[in-house]
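Novice: Dropping a structure here in structure tokens format, bear with me for questions.
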Amino acid sequence: MIRTTDVLDLACLLEASPYMEQLEVHMWTSFDRARYHKHHGELRICPSQPHSNLKLVNMTGFYGQKDQIELALHILKNATVLEAMKIDPKPMVAAIYAYVNCKDGLCFVDGYKAAKKYLRKAYYRGVLDIVRVRRRDVENVAVFKLVDPFWIALMAEDV
């Protein structure tokens, strides 16, 4: 089956919402999709759409897949007044529903490494914060400990 949509399609939100100041993108994708490597093809670049109000971006579930990197780069390049962008490899959505498993843990490491490698040029602006995840943080760790307690508490409040 050929995918016709992906995370990069969310870039249209910037154009459709010119007054948006804060964006949260909570992703949870299959752990069997590998993190991006150059042999997956060149990263796509959307046409430039400067956004003059977006100040804060929070992305969770960043496993370092090609379309995720492309979206993050698009935001970093086009949000002209961006003050802070946080990339967290741990998926908030999966945490809420407790669908995280041991294989996801290694995806957190992949997401961290891919963000460091492909988004590091954005560091010069001082806006990018990538939540660090190391292999030793996820290996031989109980699955529930991989989930950020903040999201578990948030879910408990909603129940």
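Following my numbering, the numbering of the sequence shown begins with -2 at its first residue and continues without gaps. Idealized CB from N, CA, C, for every residue including glycine.
Could you name the residues of the same chain whose beta carbon sits closer than 7 Å to that of Gln65, not counting the 5 residues immediately before and after it, in chain order?
Specialist: The residues are Val4, Met24, Phe59.
Novice: Buried or exposed: Val130, going by 16 or more other Cβ atoms within 10 Å of its Cβ?
Specialist: Val130 comes out buried.
Novice: Take Lys83 as the anchor and find which of Val124, Arg32, Arg41, Lys35 has the nearest alpha-carbon.
Specialist: Here the closest residue by C-alpha is Val124.
Novice: Could you give the first and the last residue of the continuous beta strand (DSSP E) run that contains Asn55?
Specialist: Counting along the chain, the beta strand (DSSP E) containing Asn55 begins and ends at 53 to 57.
Novice: Please classify Leu125: does DSSP put it in a helix, a strand, or coil?
Specialist: Leu125: strand per DSSP, three-state reduction.
Novice: In terms of DSSP beta bridges, what is Glu21 paired with?
Specialist: Its beta-bridge partners are Asn55.
Novice: Who does Asp85 pair with in a DSSP beta bridge?
Specialist: Answer is Thr57, bridged to Asp85.
Novice: Tell me the residue span of the alpha helix (DSSP H) that contains Leu70.
Specialist: 63 to 75 is the extent of the alpha helix (DSSP H) around Leu70.
Novice: Which class does His34 belong to by DSSP, given the choice of helix, strand or coil?
Specialist: If DSSP states are grouped into helix, strand and coil, His34 belongs with coil.
Novice: What do you reckon, are the CB atoms on Val78 and Ser45 nearer than 8 Å?
Specialist: Taking 8 Å as the Cβ cut-off, Val78 and Ser45 do not qualify as a contacting pair.
Novice: Alpha helix (DSSP H) containing Val135: first to last residue?
Specialist: Taken as a continuous stretch (DSSP letters only), the alpha helix (DSSP H) holding Val135 covers 132 to 135.
Novice: Distance, Cα to Cα, Phe105 vs Pro86?
Specialist: In a straight line, the C-alpha of Phe105 is about 5 Å away from that of Pro86.
Novice: Among the residues of its own chain, which have a CB less than 6 Å from the CB of Glu21, if the five just before and after it don't count?
Specialist: Cβ neighbours of Glu21 beyond the five flanking positions: Asn55.
Novice: How far does the alpha helix (DSSP H) with Glu12 in it extend, from its first residue to its last?
Specialist: Element bounds for Glu12: 9 to 13.
Novice: Applying the criterion that 16 or more other CB atoms from any shown protein chain within 10 Å of the CB defines a buried residue, is Glu136 buried or exposed?
Specialist: By the neighbour-count rule (16 or more Cβ atoms within 10 Å), Glu136 is not buried but exposed.
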